[in-house]
Structure formats: C-alpha cells, structure tokens
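Protein chains in written order, with this note's numbering: chain A, 1 to 214; chain B, 215 to 428.
Even glycine gets a Cβ: it sits at the ideal position worked out from N, Cα and C.
Model, not experiment: these values are computed from the prediction.
What follows is a single structure, written as structure tokens, with notes after it.
2 protein chains.
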Amino acid sequence: MKSICVLSGGMDSATLLYKLLDEEKEVKAISFDYGQRHRRELSQAVLTCSKLRVGHHIADISFLKDIISNSALTSNTQVPEGHYAQESMKLTVVPNRNMIMASIAIGWAVNLDYDEVALGVHAGDHAIYPDCRPIFIEALANIAEIANYKPIGIYTPFLYMDKGDIAIEGQKLNVDYSLTHTCYNGLVKPCGKCGACVERAEAFVKAGVKDPLL
Amino acid sequence: MKSICVLSGGMDSATLLYKLLDEEKEVKAISFDYGQRHRRELSQAVLTCSKLRVGHHIADISFLKDIISNSALTSNTQVPEGHYAQESMKLTVVPNRNMIMASIAIGWAVNLDYDEVALGVHAGDHAIYPDCRPIFIEALANIAEIANYKPIGIYTPFLYMDKGDIAIEGQKLNVDYSLTHTCYNGLVKPCGKCGACVERAEAFVKAGVKDPLL
Chain A
1 MKSICVLSGG
11 MDSATLLYKL
21 LDEEKEVKAI
31 SFDYGQRHRR
41 ELSQAVLTCS
51 KLRVGHHIAD
61 ISFLKDIISN
71 SALTSNTQVP
81 EGHYAQESMK
91 LTVVPNRNMI
101 MASIAIGWAV
111 NLDYDEVALG
121 VHAGDHAIYP
131 DCRPIFIEAL
141 ANIAEIANYK
151 PIGIYTPFLY
161 MDKGDIAIEG
171 QKLNVDYSLT
181 HTCYNGLVKP
191 CGKCGACVER
201 AEAFVKAGVK
211 DPLL
Chain B
215 MKSICVLSGG
225 MDSATLLYKL
235 LDEEKEVKAI
245 SFDYGQRHRR
255 ELSQAVLTCS
265 KLRVGHHIAD
275 ISFLKDIISN
285 SALTSNTQVP
295 EGHYAQESMK
305 LTVVPNRNMI
315 MASIAIGWAV
325 NLDYDEVALG
335 VHAGDHAIYP
345 DCRPIFIEAL
355 ANIAEIANYK
365 PIGIYTPFLY
375 MDKGDIAIEG
385 QKLNVDYSLT
395 HTCYNGLVKP
405 CGKCGACVER
415 AEAFVKAGVK
425 DPLL
C-alpha cells in the first residue's frame with residue numbers, strides 16, 4: 001500500500017505519519033504553504049520528514065490569501081483565545097481548506113500511482129470545522145473514488161478519536177512531539193491560551209505524559 | 215443568485231459566462247494558471263471578462279507542475295492529434311484537475327458569500343475525462359453542499375450537451391468567440407489537427423456558423 005500523508009506539522013498528522021510507517025506503507029508527505037501566520041508549522045514538518053527519511057513536498061498555495069482572506073489563521077485578525085469548541089473559534093475556519101488540500105494530494109497520488117491519501121482529522125475538530133466531520137470525509141472518499149481513472153482511498157484512522165487518544169497512540173509509536181508545532185500564536189513554547197494550545201495541553205494530560213515543548 | 219464562473223478561456227466556459235449574465239446572476243470569474251503550455255487561453259479569458267465587465271481572478275496553481283507532471287497539457291510530451299474520443303487523448307488528462315479547480319472556486323464562493331460555482335463541463339468530455347462525467351459532478355455537488363457552513367451549489371447547464379449544442383446556445387447569447395482559445399498547440403488560428411481543434415470545428419459546423427478565428 002502506498003500512501004500520501006497530508007502533514008501540517010502539528011501533532012495529529014505527525015502521529016499519522018508514524019502510524020503509516022508502522023503499518024509498513026510506502027509513504028510520501030505533502031504540506032501546504034497557504035499563507036499561514038507562522039512558518040514554524042512547516043519547518044517542523046520538514047524536520048519530522050527528515051528524521052523519518054520520508055519524501056516531502058511543500059506545495060505553495062499562498063495565492064489563497066488573495067481570495068480566501070477572512071480567517072484569523074491567515075489574516076491579521078486576532079486569534080481567539082479559549083477552548084476549541086467555542087463559537088469564537090469559527091474565526092479560525094479557512095474556507096474549504098481540507099477539500100483544497102485533499103484534492104491536490106489526490107492529484108499527486110494519481111500521478112505517483114499511489115493508493116490513498118491519509119488525513120489526520122479527528123473528533124475534536126468536528127464541532128467547529130465542517131470539513132473534518134465524518135459526513136465530509138464520506139463525501140471526499142466518494143469523489144476520490146471516481147474523479148480519476150485510478151480510484152484513490154481516503155484514510156482517516158483518527159476520525160472518531162480525540163487528540164488525547166492520538167497522543168496515547170503516539171506514545172506507542174514513539175512520536176517525537178518536540179518536532180511538532182501547535183500554537184496559533186506561533187510561539188515555540190506553547191502560549192497555553194489559544195484554542196490549539198488548550199487542546200494540546202488536554203491531550204498530554206489524557207496521555208499522562210509531559211509535553212516535550214514545555 | 216451569485217455565481218463564480220470557472221473560466222478557462224475556451225468556448226464552453228465563455229458561453230457559460232454569457233449564460234450566467236443572461237440569467238441576471240451576479241458573477242465573478244476565476245481562471246487557473248496551472249502551467250498550461252499556452253498562455254493564450256488565460257489572456258483570452260482576461261479579454262472576455264474585460265468586455266463583459268466581470269470581476270476576474272487568475273489563481274496561480276503552477277506549483278502543480280512539480281507534482282502533476284505527466285500530462286501533455288503541462289509537460290513537453292507531444293500533444294496527440296486526432297479526435298477527442300480516441301485513446302491517445304488520455305495523454306491530455308491532468309490528474310484531478312477539475313476537483314482541484316472546483317475546490318478553490320468553492321473556497322472563494324464561501325469567502326464572498328456567493329451561492330454557486332458554475333462549470334462548463336459537457337458531454338463531449340465524458341469519454342476521456344473522468345472529472346467531467348455526471349457521476350463526478352454529482353459527487354462534487356454532494357461535497358460542496360456540506361464542506362463549509364454555507365452550502366455551495368454546482369451549476370453545470372451543459373453537462374448533457376455537446377460542444378455543437380453549446381455553440382448553438384452561444385449564437386443566441388451573442389458570444390464573441392473571437393475572444394476564445396481552443397488549440398492545444400497554442401496557435402491563434404486553430405491548427406485543425408489536435409483533438410481540441412477537431413472538436414471546435416465540428417461544433418461550428420453543427421451550429422451552422424463560421425469560426426471567427428478562421
């Protein structure tokens with residue numbers, strides 16, 4: 001089985017990459033430069049791929065800034081603080097982001113004659129991000145099956161797990177979380193206030209281990 | 215109704231743009247620079263939008279060249295001659311192109327609070343291009359409905375028409391076909407040999423009018 005891993009540089013997709021290798025799949029990773037506020041996410045993705053000796057491509061989709069500008073993750077809007085499930089976190093939604101990234105990864109998979117695209121979406125994202133929900137993943141799998149001569153599978157093993165479950169899985173896989181980045185405010189040491197940091201902290205508590213970034 | 219028209223610069227999407235305006239929709243157009251061999255397609259799209267006073271954005275997705283390179287439309291492979299329905303025309307398939315373009319257009323529509331994305335796909339493309347077939351359009355409409363907080367419609371009025379029917383429709387709409395480009399070999403005067411030119415010539419015959427580019 002040959003798999004393209006969509007790798008953000010965060011905990012979830014890093015754990016996914018380790019999991020794909022543990023499943024003895026042939027793997028390449030793709031990250032996206034979509035004009036996110038902080039480059040650190042991308043540089044951590046590079047370090048993880050380098051450590052694991054995985055082929056890695058960064059696709060420049062920063063043109064999206066020109067047409068998709070109303071997200072706090074790409075513009076100068078203040079990043080909201082607090083818990084992910086809060087209404088204010090809707091400011092962090094980048095319109096159609098996962099469909100755009102998945103469609104490019106599917107194109108790459110077709111070109112490489114790979115079998116599947118793997119995404120690190122999980123249950124903690126369902127409340128706020130429509131394009132992380134099971135109904136979206138089902139629709140994505142449906143279109144990926146028929147959009148090209150070669151059907152491409154969509155692999156989302158964390159779809160019904162929360163970030164804590166992922167961190168537990170990551171402990172078993174020996175994921176090096178010091179090479180991940182989570183903070184929406186771009187701080188190397190997590191700010192602890194933004195939604196992403198709050199969720200990361202909860203995940204390490206559930207897994208019963210210390211965040212190596214703290 | 216507010217509509218994003220995916221505009222290639224060819225006959226089909228130009229006719230679609232005129233049709234959307236005829237239907238009194240508020241329209242913006244988007245074209246894609248994906249490293250196609252000939253820039254003329256894009257410059258014709260600019261001229262058509264300028265003539266119709268339609269807001270137009272060209273999205274630079276030329277990074278696709280790096281990961282999706284095995285199409286005659288983007289690489290140095292010789293463009294095959296002959297009729298579209300022939301097996302050799304599969305060389306002109308760009309992996310997952312329509313899903314990638316549609317997903318970006320959907321993102322723009324969400325950002326602008328527009329209602330739909332319009333695509334000029336037609337029955338003449340069904341034989342060779344999987345991402346122009348009704349089953350693909352159905353899957354696309356399905357995912358566009360649920361990928362974001364705002365459902366985006368997919369409008370494909372030419373899905374069961376051939377290019378000749380589109381040219382007939384274009385005559386009624388007074389489409390200026392001198393501002394379109396079709397030839398895969400990039401010639402201003404159609405080469406008459408590539409699959410695209412053969413199909414264009416057949417369309418004008420069916421519509422009973424002369425191609426203004428000849």
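Span of the alpha helix (DSSP H), counted from its first residue to its last, around residue i
| i | result |
| --- | --- |
| residue 168(A) | 163-172 |
| residue 229(B) | 225-236 |
| residue 66(A) | 64-67 |
| residue 158(A) | Unbroken run through residue 158(A): none, as it is neither H nor E. |
| residue 158(B) | With chain B represented from 215 up to 428, any question about residue 158(B) goes unanswered, as that position is not in the structure. |
Limits of the beta strand (DSSP E) - the one that residue i falls within
| i | result |
| --- | --- |
| residue 32(A) | 26-33 |
Partner residues on chain A for residue i, Cβ-Cβ distance less than 8 Å
| i | result |
| --- | --- |
| residue 344(B) | 146, 147, 148, 149 |
| residue 281(B) | 30, 57, 59, 104, 107, 108, 111 |
| residue 349(B) | 146 |
| residue 277(B) | 59, 60, 61 |
DSSP beta-bridge partners of residue i
| i | result |
| --- | --- |
| residue 56(A) | 29(A) |
| residue 330(B) | 217(B), 367(B) |
Per-residue contacts from residue i into chain A (C-beta, under 7 Å)
| i | result |
| --- | --- |
| residue 221(B) | The premise fails here: residue 221(B) is roughly 14 Å from chain A at the closest Cβ pair, so nothing lies under 7 Å. |
| residue 324(B) | 95, 96 |
| residue 373(B) | Within 7 Å Cβ-Cβ: nothing; residue 373(B) doesn't reach chain A, min ~15 Å. |
Where residue i meets chain B, residues with beta-carbon distance less than 7 Å
| i | result |
| --- | --- |
| residue 3(A) | Result: empty, since nearest Cβ-Cβ is about 15 Å, beyond 7 Å. |
| residue 100(A) | 317, 318, 321 |
Chain B contact residues for residue i, given Cβ-Cβ distances below 8 Å
| i | result |
| --- | --- |
| residue 140(A) | 357 |
| residue 119(A) | None at all; the shortest Cβ gap to chain B is about 13 Å. |
| residue 214(A) | Ordered by position in chain B, no residue passes the 8 Å Cβ test against residue 214(A), which lies about 34 Å from the chain. |
Contact list for residue i against chain A, beta-carbon separation under 9 Å
| i | result |
| --- | --- |
| residue 256(B) | Those within 9 Å of residue 256(B) in chain A number zero; the least Cβ separation is about 14 Å. |
Expected contact under 8 Å - CB spacing of residue i and residue j to nearest Å
| i | j | result |
| --- | --- | --- |
| residue 105(A) | residue 117(A) | 4 Å |
| residue 156(A) | residue 10(A) | Rounded, the Cβ-Cβ distance is 15 Å, inconsistent with contact. |
| residue 250(A) | residue 140(A) | The structure shown has nothing for residue 250(A), since chain A only spans 1 to 214. |
| residue 351(B) | residue 373(B) | 6 Å |
| residue 2(A) | residue 26(A) | 4 Å |
| residue 220(B) | residue 244(B) | 6 Å |
| residue 307(B) | residue 282(B) | Not quite, the Cβ-Cβ distance comes to about 10 Å (not below 8 Å), so this is no contact. |
| residue 162(A) | residue 124(A) | 5 Å |
| residue 147(A) | residue 345(B) | 5 Å |
| residue 274(B) | residue 247(B) | 5 Å |
| residue 265(B) | residue 390(B) | 7 Å |
| residue 428(B) | residue 392(B) | Contact flag wrong, Cβ pair sits at about 10 Å. |
| residue 232(B) | residue 387(B) | 4 Å |
| residue 218(B) | residue 323(B) | 5 Å |
| residue 384(B) | residue 229(B) | 4 Å |
9 Å Cβ cut-off: residues of chain B touching residue i
| i | result |
| --- | --- |
| residue 17(A) | The premise fails here: residue 17(A) is roughly 18 Å from chain B at the closest Cβ pair, so nothing lies under 9 Å. |
heavy atom of the ligand MN below 6 Å from residue i C-beta
| i | result |
| --- | --- |
| residue 234(B) | As for the ligand MN, it is missing from this structure, which has no ligand bound. |
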